[in-house]
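Q:
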Amino acid sequence: MDPLEPVLSAIGEATAHGIGRIVRRNFALDAKQSQRIGEYVVIGAVAGAAVAVTLLFS
Numbered sequence: 034m035d036p037l038e039p040v041l042s043a044i045g046e047a048t049a050h051g052i053g054r055i056v057r058r059n060f061a062l063d064a065k066q067s068q069r070i071g072e073y074v075v076i077g078a079v080a081g082a083a084v085a086v087t088l089l090f091s
């Protein structure tokens, strides 16, 4: 296992949690649903960055 993997995982989880809290506060959602939305935002950001890097360097 790569030693950087737990660090990146923790950063991703913390970011998803923070986004989930912001969404929960703004839209009055329950905790589980707002956490899932935060995870989707993080996944979308990573995928978008991958596509952008691919297009810029191709």
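Last residue of the sequence shown: 91 (this note's numbering), numbering continuous.
A virtual CB, placed ideally from N, CA and C, is assigned to each residue, including glycine.
Applying the 10 Å Cβ sphere with the 16-neighbour rule, what's the burial state of S67?
A: With 16 or more Cβ atoms within 10 Å of its Cβ, S67 is classed as buried.
Q: Name the residue from V40, L41, V74, A82 whose alpha carbon lies nearest to the alpha carbon of R54.
A: V74
Q: Is G71 buried or exposed, if buried means 16 or more other CB atoms sit within 10 Å of its CB?
A: buried
Q: Once you ignore the five residues that flank T48 on each side, which residues in its own chain have a CB closer than 8 Å to its CB?
A: Hits under 8 Å: G71, V75.
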